[in-house]
Every structure is written in C-alpha cells, then in structure tokens.
Amino acid sequence: MAISAFALQQIKESWNREPAWGSVYRRFDVCFGGLDHQDPRLRVPKCYEFNADTPTSLVEAASIQWLWLKQTGHGNDQLNSITERLIEAWKRDLTLIEQKLGHRITVHFAVGSGEPTGEDATNTTKVIIW
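One point on numbering: in the numbering used here, the residue at position 126 of the sequence shown is 126, and numbering is uninterrupted.
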C-alpha cells in the first residue's frame, strides 16, 4: 500500500499492542485504480492517510445498510457488525480508563461549525446515540 518504511514498523507494533484500547474506530484512505488500470502507478493500492476515531462513513456503513435491509427485505441480518462492535469498544475503553484513573469519566463530543455538508455532525450524532 506504499506505506513509508519508517512508519511500517510503528503500524505493526500498534496492531499488537495490548490492551488494544484507546481507539474505537479507524480507517485507511487509499487510492486504487484496479489491476488493469492504464496507469501502472494506480495498479498498486496507495495509502493516503490513516484516520483514527474519525467516524466518517459510519452512517453509511451501519445505519443506511440496516435501513436498506429492513426496507427491501433482502435477508434478516446486516452483513456487518459495526454497531455492536462500536458499543463493545466504548464499553471496553471506558472500563479500562475508569480502572486506570480510579473514577468514572465524562466523554465530551464536539463538532466544528465550519463543515458545510453536515457530515461531521451526523457522524458524531451516530456515535453519541450508541
């Protein structure tokens, strides 16, 4: 994925870090034109960035897929378990933080007003209601 050599070892170590807490949601932004793309540079996935705890695409991947499933009647379950895994990740992280600090914490969420599409506010709201 064209990840720089200096970062590769740190990435691998982060995958094996125990306990694996502190990050609830993460994603890679990649560019990939397909194996038969006319530009050979686009035939290999290239990593643009790694985003941790940025809930972009949660609404599409969790909520919209669920609504589509219910509205179309195609099967009786969603093909992913994003909602369930996020709930468990929050429970895990909050429990570990409480144990480490010795008291319960309050989590605050904020969204900047400068984002014109409303995507950040929608995604943040989705995370809060879980």
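Even for Gly, the Cβ is constructed at its ideal location relative to N, Cα and C.
This one's a predicted model, so the numbers in the text were calculated from it and none came from an experiment.
(message) Out of 116, 68 and 82, which one is the CA nearest neighbour of residue 76?
(response) 68
(request) Pair every Cβ in the segment 90–100 with every Cβ in the segment 27–41, then say whether three or more of these pairs are closer than 8 angstroms. (result) no
(request) Identify, in the order they occur along the chain, each residue of the same chain with its Cβ nearer than 7 angstroms to the Cβ of residue 48, setting aside the five sequence neighbours on each side. (result) 29, 30 and 31
(request) Buried or exposed for residue 58, please, with buried defined as at least 16 other CB atoms from any protein chain shown within 10 angstroms of its CB. (result) buried
(request) Using beta-carbon positions only, say whether residue 33 and residue 17 come within less than 8 angstroms of one another. (result) no
(request) Report yes if the C-beta distance between residue 63 and residue 126 is below 8 angstroms; otherwise report no. (result) yes
(request) Could I get the ranges of all uninterrupted beta strand (DSSP E) runs contained in the segment 32–101, with 3 residues as the minimum, in chain order? (result) 46–52
(request) Could you check the C-alpha separation between residue 97 and residue 88 for me, to the nearest Å? (result) 14 angstroms
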